Structures are given as C-alpha cells and as structure tokens.
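First residue of the sequence shown: 1, per this note's numbering; consecutive thereafter. Where is the CB? At the ideal position from N, CA and C, for every residue including glycine. Remember, it's a predicted structure, so these values are computed and weren't measured experimentally. Worksheet: one structure, shown below.
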Amino acid sequence: HLRRRCATFLFLPKVTSGGDAPTHPSVKDTAVLAVKDPRVTLLIPIMFANGMTLSFIFGDFAADITCPVAGPGFVGFVAACFYAVNGVSSTVWGKLLQKRVVSRRVAYILSVVLVLVFLLLNLVWTVPQNYVADKSETSGWRKVSSPDISTILVAFGLSALFATGDAFLESGPPGTLQNFFAGKPELVPAMANYKMWQSLGLGIQFVLGAVLKEHRAARIMILMGVLGLGLVSLLVLDLVVAPLDTRRSDETRREQAVSLSAA
Numbered sequence: 001h002l003r004r005r006c007a008t009f010l011f012l013p014k015v016t017s018g019g020d021a022p023t024h025p026s027v028k029d030t031a032v033l034a035v036k037d038p039r040v041t042l043l044i045p046i047m048f049a050n051g052m053t054l055s056f057i058f059g060d061f062a063a064d065i066t067c068p069v070a071g072p073g074f075v076g077f078v079a080a081c082f083y084a085v086n087g088v089s090s091t092v093w094g095k096l097l098q099k100r101v102v103s104r105r106v107a108y109i110l111s112v113v114l115v116l117v118f119l120l121l122n123l124v125w126t127v128p129q130n131y132v133a134d135k136s137e138t139s140g141w142r143k144v145s146s147p148d149i150s151t152i153l154v155a156f157g158l159s160a161l162f163a164t165g166d167a168f169l170e171s172g173p174p175g176t177l178q179n180f181f182a183g184k185p186e187l188v189p190a191m192a193n194y195k196m197w198q199s200l201g202l203g204i205q206f207v208l209g210a211v212l213k214e215h216r217a218a219r220i221m222i223l224m225g226v227l228g229l230g231l232v233s234l235l236v237l238d239l240v241v242a243p244l245d246t247r248r249s250d251e252t253r254r255e256q257a258v259s260l261s262a263a
C-alpha cells in the first residue's frame, strides 16, 4: 500500500510559478534605485548612520565604557538592557505613531536627538578606569579598583538612552520605504537598499573602531557628524521631495487634485 501511495506522486501535474511570484532584486536594481530615486537617496545617510551607531554600541561602547567601568562580566547585562529597552521602545514608538501623538518627522528628530545626547555624554564623561586592558588576564581586563554602583548605573543608563532612540532609527526607515513603494515593483530593491546601507555602516564603524582605537573622541565626533547629516537629509526629503507622513501626503494629493479641477 505504501508503494502504491508513493507512486501516485509520479502522476501529479507539474505546477509552475505564477507571473505574480516575487523576484529577488539584482544588485543593479538596488544600485539604480539608490541613485535615481531621491526618496531612497535621501534616506541613505540615516540608514548608514544607524548601522554605524549600532556597531558603536556593540563594539566600541563595551570597550570604552562597560569594561573599564564595571568589568567584562557586565558586558552581557548591559547588552541585555539595550535589547529590553529597545524592544519596549519600538512598541511605544509604534503606538505613538498609530495614535498620531507624534508625526514621523517628529519621531525621526526625537530619535536622532536621543542618540546625539548619548554620544555627547560618552564624549564628555571622564570614564572611571576601574578595569584596564591586560592581555595576561584570562578576561583581557585587570581590576585596579572597586567600581562604584553609581557609575555602573550610568553605563546601564547610557545603554538604555541609546536603545530608546535607536528603536525608531531601526524601524523608521523601512516603514518609510514601505510607505513610499507599497504595491510597487521598487519595494523589494528599496528594502534591499535599507539592509545594504545599514550593513555598510556597521562594517565601516568596526574598521574605524580598530583604526582609531586610541582616539575615542574622534570616533564619537565622526558618528555625530554622520548622524547630523542623516537628520538634515531626512528634513530635505520630508519638506522638499516627499512627505514622510501618509496623512500629509494624502492631504497634498487632495490639494493638487482640487487645484487641477479648478484649472
């Protein structure tokens, strides 16, 4: 019986994919969209900056702040704090946008300001060197003094501050791209652009972290400059090219339709 049932699969008709099946974007499609469509081009700086800041929190922050202040044993706990706050903040940002408490433009501005404040505090804070790098130690760090609980809390607070702003900087650009290209063939290349530029930012920041390892201030100021450029680019996109908010975009289209009717 089992052989007869298996044999029936030999007589099943061949099913071909329909014409509406999704296709994977080529590198050319992704690159062309990034260059030719200003709605994507003007989002590149903020997507790139998001990748760089994520690389900073995962790599530089642990070496510059967490380990010297609290020791290598706290790296996982500070990272867990980031993920917990990031997850909650993503939900909060979504609710605020859904209920129209804030617009997309305001959400972008607030999130960039939060990350800039995080970077500025990293820049001006004199970090207690309770642990120093020592390759002879198993953990790579040697304890020279007992950390104070208040400074440990500062490390957690900084991680939470970044997570709050980063939550929208991660979810905002893909949402904006979906708003621009939903139902259009450019949607998949647009989303590919998001991951490409974010990943490129991640990689470049890791390189900068290695090359400028002893120059913490320079690394932070580069990040602040790229993030500032991303905010300016977003405002140009919103005010000149295409509104970031669906409601404002619909109102603009209605006004244009009324103007055409009157003409």
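- Counted as a single uninterrupted DSSP element, the beta strand (DSSP E) harbouring ARG142 occupies residues 141 to 143.
- Taking the Cα of LEU169 as reference, the smallest distance to any Cα among SER89, LYS135, ALA155, ILE220 is reached at SER89.
- VAL144 counts as exposed, since fewer than 16 other beta carbons sit within 10 angstroms of its beta carbon.
- In the DSSP assignment, ALA133 falls within the beta strand (DSSP E) that extends over 131 to 133.
- Just so you know, the alpha carbons of TRP125 and SER26 end up roughly 46 Å apart.
- At a Cβ-Cβ threshold of 8 Å, LEU234 and ASP166 do not count as neighbours.
- In the three-state scheme derived from DSSP, where H, G and I count as helix and E and B as strand, LEU177 is classed as helix.
- Classified as exposed, ASP148 has fewer than 16 neighbouring CB atoms from the shown chains inside 10 Å of its CB.
- Out of GLU214, GLN98, VAL32, the CA that lies nearest to the CA of GLY172 is found in GLN98.
- Secondary structure note for TRP125: it is in no alpha helix (DSSP H), with a DSSP letter that is neither H nor E.
- With respect to the C-alpha of PHE56, the residue from LEU177, SER150, ASN122, VAL101 having the closest C-alpha is ASN122.
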